[in-house]
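Colleague: One structure, pasted below without further comment.
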Amino acid sequence: MKVLLVDDETKFAMMLAKRLALRGIDTDYVFTGEEALAMAVNSRYDVAILDVKMPGIGGIELGRKLSGLVPGIKFIFVTGHGSETNFEIGSGEAAYYLAKPLQIEELIEILHKVTQ
Amino acid sequence: MIDRFRKNLMLIWPQFYHHDNEDVLAHYFRFTNYRKIWGLGIIILIFAALVPLVAATAIHYRLIQESVDTEIILRTERVTSNARRAVSFFLEEHLNALRFTVNEFRYEQLINSELLTEILKNLKLGFGGLTDLSVIDDSGVQIAYTGPFKLEGKNYSNQAWFVESRKQHFYVSEIFRGYRLLPHIIVAAKSFRPDGSFFILRATLETDELIQILSSYNTGEHADIFLVNRSGIIQTPSKYHGDIFEKVALPLPDYSSKTQAVMTHNAQKQTIITGYAFIPTQIANTPFILMVVKQKAGMIGVWRQLRTNFNWFVLLDIIAILIVVPIACTFIVNLLYLADQAKAETLASAEQNNQLASIGQLAAGVAHEINNPLALINETAGYVKDLFVIKEQYHNDKELIENIDFILEAVERCGTITRQLLGFARKFDVNIQRVNLKEVISDVLNFHKKEAEYRNIKVQVDVPEDNLDIETDRGKLQQILLNLVNNAFQAVNSGCRLDIHASQNAPEEVSIKISDNGCGIPQKHLLKIFDPFFTTKERGAGTGLGLAITSSLVKKLNGSISVESNENEGTTFTITLPTVIHKEILKDEGATGR
């Protein structure tokens, strides 16, 4: 399983990537949408974990662009803006929404669910 | 109809009387002391109404009094004047008779007693009232006499009337008793004989006729008309002012040729009107003063009656003012108070909403700022834990892992708060759909089924209509009900009761009541329970956001929420929701609600 993590909170992204790596999940992390698009061209990711609110390209928009670049990619959106039930915004496609701070076990569970 | 009547009746009852300045709404009121406004209003209005009334009445009385006084003085004057003319005429007529006699007959003829008797007879026929007739020579000796008394040869030279008669041509005496001891008047005419000496023809007048003349002018019960002489001795009978030949009990006026009337007081302090007239004749002066005395009380009887009636009218008027003014004042101050009360309530609720909104914005800002570092702490601590757990390098150090778990727990609790705060302030679209109330309530209760069984709490749902559907946001309604049921469960002990009752109370309105018989809410907390961050739980145990969020959710659904509670008896939350939410209103709400 190959995961792309995009979050403008650099330390958060690094930490989360490390934790996923400890659990045997191969994770690349970048800090902006542009970097993410560049990474996606060269690699083949199964799942993208995207922060909804980022400077430049936001998570939702980035998701739309990535799904054009990487066929079959799944998305998990994370946000610092309220609970998961409170935003039903976005594409309406099959996607998961998680609120920060994340529960690592929940995230792992969802990752396994979407890649099955 | 009856309700409307009662409502209107309540408007004249001073509802503001127990207005409490300590009340939570007090500082939203425009005025603080309604009782003072009320009292002042009543006093000012009563004064404004009564002062002109009393002043007008007093002026009216004074004018009437003056005109009545003038009128009764004039009336007395008129009576006095008429009576004077009659008395004058009576005396004049007899003087003229004597003048005619002394001019017509010579002295020698007059001393002939047969002729004198004949003359007396003719005079009696012509004028009446004469008793006798006599001739007195210039030495005062009565030469001839005709009449009922034997008075021939009497010498009058020392008598006052003779002394006076010698000085004048004609003479009228006072009324006196004289030798005969009967009240009489002497009238005398002086004439000269060819040799230069004089003689006097004297006649005695009975007073009966004079008294009769006077009494014919005596009108009214309290009127008195009589003659006095110039020294105030009563000459003819008086009803109230003394016996005949006694001094009159009234002051005498100075001489005046005219009739006059004055208002004075008598010895009994009664107001009297006294008419005076000095009685002259064209031929000779007389010693008489005519007095007409009337009691004012007797003369103004009619006016008194009128005044009594008028007084009653004024009194009724004053009573009417005293009744109507307080009622009108109460009515007006009540309207003012009720308007003020409505305004205060609106202001208070607007302020609360504002407060809620700004606290919400602040909270959201704070929560957002905290959330990212929180996420970082979470991941970092998580990573440290991961290092221990997964790498197994520090696997056996239980204490470190325990401490890291404390951090993670604390972070999770913070996360819950920030999530709630964000949810509280978030603007989101309302997703309207048809919702069956009975279903929603049983869905919500399913969450608590286990807890209710475990704690032996009896939950009773009473929704009379199976098809009680409304158009609203299902998720939000669920959250509202969930919050309220949660609250109730926290308030009750094991073995208590929880009732949920839903009903349609108007065509466009449903209400849901959630009642428990738990610990209740103290009165002082009741007004604050919808405020954000208000909690009575221990520090850290509650966020104080539950009811604030519930309240804002109800508002988003265009509804209202209220609470009634008695300490130790239980609490009832009532939510009122519209059956249909109009989208236009929602948009406005959304635009200003943030």
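Those protein sequences? They're chains V and X, same order as listed. Letter by letter, the first sequence follows residues 0 to 115 in numbering that gives the first Met the number 0. Letter by letter, the second sequence follows residues 0 to 593 in numbering that gives the first Met the number 0. Each residue gets a CB set at the ideal place from its N, CA and C atoms; glycine is no exception.
Under 8 Å Cβ to Cβ from Gly219 (chain X), same chain only, skipping five residues before and after it: list those, please.
Modeller: For the purposes of this step, residue 219 (chain X) is taken as the residue at position 220 of the second sequence. Within the same chain, Cβ atoms closer than 8 Å to the Cβ of Gly219 (chain X) are found at Lys293, Gly297, Met298, the five residues on either side in sequence being excluded.
Colleague: Could you tell me whether the region 401 to 412 of chain X touches the region 441 to 461 of chain X, where touching means 3 or more Cβ pairs closer than 8 Å?
Modeller: no
Colleague: With 16 as the cutoff for other CB atoms within 10 Å, does Asn333 (chain X) come out buried or exposed?
Modeller: Sequence index remark: in the second sequence, residue 333 (chain X) carries index 334 (1-based). Asn333 (chain X) comes out buried.
Colleague: According to DSSP, is His18 (chain X) part of a helix, a strand, or is it coil?
Modeller: For the purposes of this step, residue 18 (chain X) is taken as the residue at position 19 of the second sequence. Shown here, His18 (chain X) sits in coil according to DSSP, grouped into three states, outside any helix or strand.
Colleague: Verify whether the separation of the beta carbon atoms of Thr417 (chain X) and Val509 (chain X) is less than 9 Å.
Modeller: Locating residue 417 (chain X) in the second sequence gives position 418, where the first residue counts as 1. Locating residue 509 (chain X) in the second sequence gives position 510, where the first residue counts as 1. No, the pair does not count as a contact, with Cβ atoms beyond the cut-off.
Colleague: Are three or more beta carbon pairs between the region 264 to 281 of chain X and the region 309 to 324 of chain X nearer than 8 Å?
Modeller: no
Colleague: Relative to the C-alpha of Gly231 (chain X), which residue among X:Ile174, X:Leu556, X:Leu97 is closest?
Modeller: Residue 231 (chain X) sits at position 232 when you count from the first residue of the second sequence. The alpha carbon of Gly231 (chain X) has as its nearest neighbour, out of X:Ile174, X:Leu556, X:Leu97, the alpha carbon of X:Ile174.
Colleague: Counting along the chain, where does the alpha helix (DSSP H) carrying Ser66 (chain V) start and finish?
Modeller: Residue 66 (chain V) sits at position 67 when you count from the first residue of the first sequence. Looking at the DSSP string, the run of the alpha helix (DSSP H) that includes Ser66 (chain V) is 58 to 68.
Colleague: Cβ of Arg3 (chain X) versus every heavy atom of the ligand SAH: is any distance shorter than 8 Å?
Modeller: With respect to the ligand SAH, the structure offers nothing, as it holds no ligand at all.
Colleague: Please state whether DSSP places Ser214 (chain X) in a helix, a strand or coil.
Modeller: Start at 1 with the first residue of the second sequence, and residue 214 (chain X) comes out as number 215. Here Ser214 (chain X) sits in helix by DSSP.
Colleague: Find out if the Cβ-Cβ distance for the pair Gln503 (chain X), Asp472 (chain X) is shorter than 9 Å.
Modeller: For the purposes of this step, residue 503 (chain X) is taken as the residue at position 504 of the second sequence. For the purposes of this step, residue 472 (chain X) is taken as the residue at position 473 of the second sequence. The answer is no: Cβ separation not under 9 Å.
Colleague: At 8 Å on the CB atoms, spell out the chain X contacts of Met14 (chain V), in chain order.
Modeller: Taking the first sequence and counting its residues from 1, the one referred to as residue 14 (chain V) is at position 15. Leu375, Glu378, Thr379, Gly381, Tyr382, listed in chain order.
Colleague: If distances are taken between C-alpha atoms only, which option among V:Leu65, V:Asp45, V:Ser66, V:Phe11 comes closest to Thr114 (chain V)?
Modeller: Counted from its first residue, the first sequence places residue 114 (chain V) at position 115. Closest option to Thr114 (chain V), Cα to Cα, is V:Asp45.
Colleague: Assign Asn504 (chain X) to one of three DSSP states: helix, strand, or coil.
Modeller: By one-based count along the second sequence, residue 504 (chain X) stands at place 505. Asn504 (chain X): strand per DSSP, three-state reduction.
Colleague: Is there a Cβ of chain X sitting closer than 9 Å to that of Gly55 (chain V), yes or no?
Modeller: Translated into the one-based positions of the first sequence, residue 55 (chain V) becomes position 56. No, because no Cβ of chain X sits closer than 9 Å to the Cβ of Gly55 (chain V).
Colleague: Around the Cβ of Trp37 (chain X), are there at least 16 other Cβ atoms within 10 angstroms (buried) or fewer (exposed)?
Modeller: Sequence index remark: in the second sequence, residue 37 (chain X) carries index 38 (1-based). Looking at its Cβ environment, which holds 16 or more other Cβ atoms inside 10 Å, Trp37 (chain X) is buried.
Colleague: For Gly79 (chain V), decide whether its Cβ has a neighbour in chain X, counting only Cβ atoms nearer than 9 Å.
Modeller: Here residue 79 (chain V) refers to the residue found at position 80 when the first sequence is read from its first residue. Answer yes: the Cβ-Cβ gap between Gly79 (chain V) and chain X drops below 9 Å somewhere.
Colleague: For Ser237 (chain X), is the classification buried or exposed, using 16 other Cβ atoms within 10 angstroms of its Cβ as the cut-off for buried?
Modeller: Translated into positions along the second sequence, residue 237 (chain X) becomes position 238. Buried, because 16 or more other Cβ atoms sit within 10 Å of the Cβ of Ser237 (chain X).
Colleague: Grab the span of the alpha helix (DSSP H) containing Glu25 (chain X) for me, first residue to last.
Modeller: Taking the second sequence and counting its residues from 1, one reaches residue 25 (chain X) at position 26. This sequence places Ala at residue 25 (chain X); Glu is not what is there. Unbroken run through Ala25 (chain X): none, as it is neither H nor E.
Colleague: Let's see if you can read the secondary structure: which residues bound the beta strand (DSSP E) around Phe287 (chain X)?
Modeller: By 1-based counting over the second sequence, the position of residue 287 (chain X) is 288. Unbroken beta strand (DSSP E) run through Phe287 (chain X): 284 to 294.
Colleague: Just reading off the alpha helix (DSSP H) that Met38 (chain V) is part of, what are its end residues?
Modeller: Residue numbering aside, residue 38 (chain V) sits at position 39 when the first sequence is read from its first letter. That run of the alpha helix (DSSP H) goes 32 to 41.
Colleague: Between which two residues does the beta strand (DSSP E) harbouring Arg433 (chain X) extend?
Modeller: The count along the second sequence starts at 1 and reaches residue 433 (chain X) at position 434. Residues 431 to 435.
Colleague: Report the three-state DSSP secondary structure of Ala323 (chain X) (helix, strand or coil).
Modeller: Residue numbering aside, residue 323 (chain X) sits at position 324 when the second sequence is read from its first letter. The sequence as given places Val at residue 323 (chain X); Ala does not occur at that position. Residue state, collapsed to three classes: helix.
Colleague: Under 9 Å between C-beta atoms, does Phe11 (chain V) make it to chain X?
Modeller: Residue 11 (chain V) sits at position 12 when you count from the first residue of the first sequence. Answer yes: the Cβ-Cβ gap between Phe11 (chain V) and chain X drops below 9 Å somewhere.
Colleague: Does any CB atom of chain V fall closer than 9 Å to the CB of Leu386 (chain X)?
Modeller: What you label residue 386 (chain X) is simply residue 387 of the second sequence in a count that begins at 1. By this cut-off, Leu386 (chain X) is an interface position.
Colleague: Relative to the alpha-carbon of Arg43 (chain V), which residue among V:Val51, V:Phe74, V:Gly58, V:Lys1 has its alpha-carbon at the smallest distance?
Modeller: Counting from 1 along the first sequence, the entry for residue 43 (chain V) is found at position 44. Comparing Cα positions, the closest option is V:Lys1.
Colleague: Which of the three DSSP states, helix, strand or coil, is assigned to Ala266 (chain X)?
Modeller: Here residue 266 (chain X) corresponds to residue number 267 of the second sequence, with the count starting at 1. The DSSP-derived three-state label of Ala266 (chain X) is coil.
Colleague: From the DSSP output, in three-state form, read off Gly414 (chain X) for me.
Modeller: Here the question's residue 414 (chain X) lines up with position 415 in the second sequence. In the structure shown, Gly414 (chain X) sits in a helix (DSSP, three-state: H, G or I).
Colleague: Just to confirm my understanding: we take Ser80 (chain X), look at its own chain, exclude 5 residues before and 5 after, and list those with CB closer than 7 Å. What are they?
Modeller: Here residue 80 (chain X) refers to the residue found at position 81 of the second sequence. Closer than 7 Å at the Cβ level, and outside the excluded window around Ser80 (chain X), lie Thr258, Ala276.
Colleague: Just to confirm the assignment, what range does the beta strand (DSSP E) spanning Gln234 (chain X) have?
Modeller: For the purposes of this step, residue 234 (chain X) is taken as the residue at position 235 of the second sequence. Looking at the DSSP string, Gln234 (chain X) is not in any beta strand (DSSP E), and its letter there is neither H nor E.
Colleague: Determine, using beta carbons only, whether Ile103 (chain V) comes closer than 9 Å to chain X.
Modeller: In the first sequence, residue 103 (chain V) corresponds to position 104, counting from 1. So, interface residue.
Colleague: Cβ atoms of Ala260 (chain X) and Thr270 (chain X): under 9 Å apart, would you say?
Modeller: Sequence index remark: in the second sequence, residue 270 (chain X) carries index 271 (1-based). Sequence index remark: in the second sequence, residue 260 (chain X) carries index 261 (1-based). For Thr270 (chain X) and Ala260 (chain X), no; Cβs fall outside 9 Å.
Colleague: In this structure, does DSSP put Asp207 (chain X) in helix, strand or coil?
Modeller: As a working note, residue 207 (chain X) is residue 208 in the second sequence. Reduced to three states, the DSSP call for Asp207 (chain X) is helix.
Colleague: Between the Cα of Gly111 (chain V) and the Cα atoms of V:Val69, V:Asp25, V:Lys10, which residue gives the shortest distance?
Modeller: Mapped onto the first sequence, residue 111 (chain V) falls at position 112. Inspection of the sequence shows that residue 111 (chain V) is occupied by His rather than by Gly. Out of V:Val69, V:Asp25, V:Lys10, V:Asp25 has the C-alpha closest to the C-alpha of His111 (chain V).
Colleague: Under 7 Å Cβ-Cβ, which residues of chain V neighbour Gly414 (chain X)?
Modeller: Translated into positions along the second sequence, residue 414 (chain X) becomes position 415. Those are Pro100, listed as they occur along chain V.
Colleague: Going along chain X, which residues have a C-beta under 7 Å from Arg43 (chain V)?
Modeller: By 1-based counting over the first sequence, the position of residue 43 (chain V) is 44. Going along chain X, no residue has its Cβ under 7 Å from Arg43 (chain V), so there is no contact; the nearest lies around 26 Å.
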